[in-house]
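Since the structure comes first, as structure tokens, the remarks are kept for the end.
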Amino acid sequence: MPAMNIIQALNSAMDVLLERDPDVVVFGEDAGYFGGVFKATDKLQEKYGLDRVFDTPINEAAIAGMSVGMAAKGLKPIAEIQFSDYIFPAIDQIVSEMSRIRYRSAGQFTSGCVVRSPWGGGIRGGQTHSMSPEAFFTHVPGLQVVVPSNPYDAKGLLISALESGDPVIFFEPKRIYNGPFDGVPDTPLKSWAKHAKGEVPEGHYTVELGKAEVVREGEACTVIAYGTLVHVAQAAAEASGIDAEIIDLKTLVPYDVETIAKSVNKTGRVVVAQEAPRTSGFAAELAAQIQEECFYALEAPIFRLTGWDIPYPHAHEWAYFPTRDRFARAMKTVTEA
Amino acid sequence: MSNGQTRFHVPTPPYRPGDEPDFAHLDLQKAGEALRPDPAASWQETQDLATGLVGVLDHNHQAVGAWNPELSPEVLREGLSHMVLTRIYDERMLKLQRQGKMSFYMKSTGEEAVAVAAAMALKPTDMVFPSYRQQGILFARGRNIVDMMCHCISNSRDNLKGRQLPVHYTWAEGNFFTISGNLGTQFPQAAGYAMACAYKGEDQIAASWIGDGTTAEGDFHAGLTLASTYRAPVIFNVVNNQWAISSNQNIARGDAPTFAAKGLGYGLASIRADGNDFLAVYAATQWAAERARQGKGATLLELFTYRADAHSTSDDPTKYRPKTEFDRWPLGDPIERLKQHLIGKGEWDETRHAKLEEQMTALVVKSYKEAESHGTLHEGPLSPTESIFEDVYAKPDWRLRRQRQDLGV
Ligand SMILES: Cc1ncc(C[n+]2csc(CCOP(=O)(O)OP(=O)(O)O)c2C)c(N)n1
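Just so you know, the protein sequences line up as chains D and B, in that order. Note that this note's numbering gives residue 45 to position 45 of the first sequence, counting from 1, and the numbers run on in steps of one. When you read off a place in the second sequence, starting at 1, and then add 337, the result is the number in this note's numbering.
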């Protein structure tokens, strides 16, 4: 199996989907000839032609709106929003339209498509290249929300997402496009080549939506994370020696309540983590659900490790980001409580 | 400090309640005067059409000029019949709303030609993305009236299972897209749909309708940009009925100089047509459809008309415009104009018209009885309560399964 980074894995997923189904089309700002600002769609236009992989005007509402229209005609659009920070101009089309077409038409029309978008911080991106806006979308019935944490899952989840037939907001943690990140700001980049999930099959395969994965078994506490923070959590467990059980959520909606409950019922202690600001973030949903589901198993208050309730800062990025050290402190707090 | 020159300008309608409306200032191009370029013409050749007014029926109800679509009397009578039915249906539904049979209603009085003539000029296989005020399309396409009513009263036979407000029709079988409450979203969607038709190399095209007020939404710009960039086979209709609830069309700058003229800025063929002239709407739609099918791209049509009645059952227009405005409206009433045209041709008369109205009224009354036999919003039966959890996704996930259990249904 070839080693791929996340960009290559996403490219491979789109390659597989385009190859298998003439109804699949890929588009976004700079996504065509240039292959995308992160190169996720590199060479796809050359391979499949101008009408299957193409550039769009800089208008996110147009990108989302045309996806809805194309899906109504039976195409399977994969749309790219250049940064998740710029998904907001599309929010009316996504929230009011894409998410509700099946429901409001009682199944007469559907809007299956994937909206891919580079997401998250840790890259000195400042306020508008670092956001994690997942909670805006997890709150919307009719959408599925996915955040992969490695090349293998990125490809398998992207294929599953498009094949699900329902709209999927697919956020890509750009900090780990080229290699996992341990949450220590000045660590040199490690490549995916040495990572088990950096091995990616060439052809078609899927990773099931709605299924989380225990990426580290442990007894001391449960850590629930997604995207970049999955790796930071693992690094924190190694560095602190705390025997944490770490769950990579992968799909935020619908999230895998069973895997979470099983782990929390075993450990009784929980850290839920997100890069996004704290208030009304997705971690709040997880914390509330765990409280309902596992109340009698809990031995400590659920700890929310999150960004602060501030816009994402530039110079003080590492004061904002849930680093390895903050993770270790959070795990220590819940295990000692 | 003031430079004495700048002044904050807020447009106001030409007339307010109590004023005597007089539309002489509109200076509308006369029927028959507009030139008709080939549908494959460049967008530049439509510049005069965008600021003029395509009209076919003149003051004497004669069909004149290059845009006359030369329709047979049978087609004209069919058009008239759909428009009469639309108006009678609207009247009846308004009454039923007042009687508390449904929560809400929106009439299309005065705008029947905009929907009916366009639908008749399109193929039934063309996909339409309407706003909430083109119910005439449904009649022209032969939708079952009982089904329409069942939707409006949200009963057990509502094909939308009671999920949508009345008049938000969906009819996939009739290529009628699901109507949204969010204004303007259908423009980029129609562009995307049309792009997909072109991608598949099919003959099908798309058409969409928004109101004058809605042109101010960003999605108007998004839709026109997409259609122009990708030369999408789509027809964009701006139904300029002069009013967006209480706001005059000049709040969206339809007087600068016309809504149609905005299309020129996108490099789109653009035409303003008399929206109360069945033949003009038919001819302009036919032109735009032919252009789209020839691969020449999209057209922006402004249909110049007047919203003769209240915005909705929640609105009272006497609070913001003169009661007499529609009486003074220079383009008259689309039904009356087509009727007089047919009478002038010796193809219609008052007796036949009265009989048509009688038949349509009877049809609507009978249809409502049947619709009501499937339930009403207040008395039921409605669609099964558990159906509220269906169609959110292809398959309900654990959250929806649990929530359904929590509700005990
Ligand atoms: C995005 C959005 N904003 C506001 C509204 C509330 N609203 C409903 S209809 C309407 C007026 C629309 O006027 P126009 O586009 O001229 O169409 P008309 O009603 O005259 O047919 C408004 C403001 C809405 N439905 N959607």
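Think of the CB as a built atom: it goes at the ideal place given N, C-alpha and C, for glycine as much as any other residue.
Exercise. What are the boundary residues of the alpha helix (DSSP H) that Thr507/B is part of?
Worked result: Where Thr507/B is concerned, there is no enclosing alpha helix (DSSP H), given that its DSSP letter is neither H nor E.
Problem set entry | Buried versus exposed call for Lys706/B [16 or more other C-beta atoms within 10 Å across all chains shown] | exposed
Exercise. Buried or exposed: where does Met98/D fall if 16 or more other Cβ atoms within 10 Å of its Cβ makes it buried?
Worked result: buried
Problem set entry | Any non-hydrogen atom of ligand 1 closer than 7 Å to Trp508/B Cβ | no
Exercise. DSSP beta-bridge partners for Gly216/D?
Worked result: Note on residue identity: the sequence assigns Arg, not Gly, to residue 216/D. Paired residues: Ile246/D.
Problem set entry | Close Cβ partners of Thr41/D (< 8 Å) along its chain, the five nearest in sequence each way excluded | Asn11, Met14, Val26, Gly28, Ala31, Gly32, Gly35, Val53, Glu80
For this session: Tell me, please, whether the CB atom of Tyr33/D is closer than 8 Å to any CB atom in chain B?
Result: no
Problem set entry | Inter-residue CB distance, Thr713/B and Ile516/B (contact presumed, cutoff 8 Å) | At roughly 21 Å, the Cβ-Cβ gap does not stay under 8 Å, so Thr713/B and Ile516/B are not in contact.
For this session: Identify whether Val412/B lies in helix, strand or coil by the three-state DSSP scheme.
Result: helix
Exercise. Given that Lys498/B touches chain D, what residues does it touch there, using C-beta distances under 8 Å?
Worked result: Ala106
For this session: Could you have a look at Glu627/B and say whether DSSP puts it in helix, strand or coil?
Result: helix
Exercise. Should the region 633 to 643 of chain B be called in touch with the region 582 to 590 of chain B, which here means at least 3 C-beta pairs below 8 Å?
Worked result: no
For this session: Grab me the residues of Asp153/D's own chain with a C-beta within less than 7 Å of its C-beta, minus the 5 sequence neighbours each way, in chain order.
Result: Lys197, Val207, Lys250
Exercise. If you run the structure through DSSP and keep just helix, strand and coil, what is Met464/B?
Worked result: strand
Exercise. Thinking just about the alpha-carbon of each residue, which of Lys43/D, Cys113/D, Phe88/D, Gln93/D is nearest to the one in Leu75/D?
Worked result: Cys113/D
Exercise. Do you know whose CA, among Val272/D, Leu143/D, Asn178/D, Asn150/D, lies nearest Ser164/D's CA?
Worked result: Leu143/D
Exercise. Which stretch, first to last residue, makes up the beta strand (DSSP E) that contains Cys221/D?
Worked result: 221 to 225
For this session: Could you pull out every residue in the same chain whose Cβ sits closer than 8 Å to the Cβ of Gly355/B, ignoring the five residues on either side in sequence?
Result: Pro659
Exercise. Taking Cβ to Cβ, would you say Thr522/B is nearer than 8 Å to Asp309/D?
Worked result: no
For this session: For my contact list, Ala341/D and Ala193/D are in at a C-beta cut-off of 8 Å; report their separation, rounded to the angstrom.
Result: As displayed, chain D neither begins before 1 nor continues past 337, which places residue 341/D out of reach and without an answer.
Problem set entry | CB contact check: Gly165/D to chain B, cutoff 8 Å | yes
Exercise. At a Cβ threshold of 8 Å, is Cys487/B touching chain D?
Worked result: no
For this session: Starting from Asn519/B, find everything on chain E with Cβ-Cβ shorter than 8 Å and list it in chain order.
Result: The structure shown contains no chain E; its protein chains are D and B.
Exercise. Shorter than 8 Å from the beta carbon of Lys73/D to some beta carbon of chain B?
Worked result: yes
Problem set entry | Whole-number beta carbon distance between Ala403/B and Leu363/B, since they are thought to touch under 8 Å | Not really, about 22 Å apart at Cβ, beyond 8 Å.
Exercise. Short check: CB of Trp546/B to CB of Gln472/B, under 8 Å?
Worked result: no
Exercise. Using a Cβ-Cβ distance under 8 Å, would Pro348/B count as near chain D?
Worked result: no
For this session: Indicate, with yes or no, if ligand 1 has a heavy atom lying under 7 Å from the CB of Ala597/B.
Result: no
Exercise. What's the gap between the Cα of Pro718/B and the Cα of Phe513/B?
Worked result: 26 Å
Exercise. Does Thr722/B come within less than 8 Å of chain D when only Cβ atoms are used?
Worked result: no
For this session: Can you tell me which of the three DSSP states Trp546/B falls into?
Result: strand
Exercise. Would you call the CB atoms of Pro322/D and Thr306/D closer than 8 Å?
Worked result: yes
For this session: Under 8 Å between beta-carbons, which chain B residues line up against Tyr103/D? List them in chain order, please.
Result: Arg500, Asp728, Val729
Problem set entry | Val729/B Cβ short of 7 Å to ligand 1 heavy atom set | no
Exercise. What three-state label does DSSP hand Gly28/D in the structure shown?
Worked result: strand
Problem set entry | When Leu18/D, Arg116/D, Gly218/D, Gly122/D are compared against Ile242/D, the one with the closest alpha-carbon | Gly218/D
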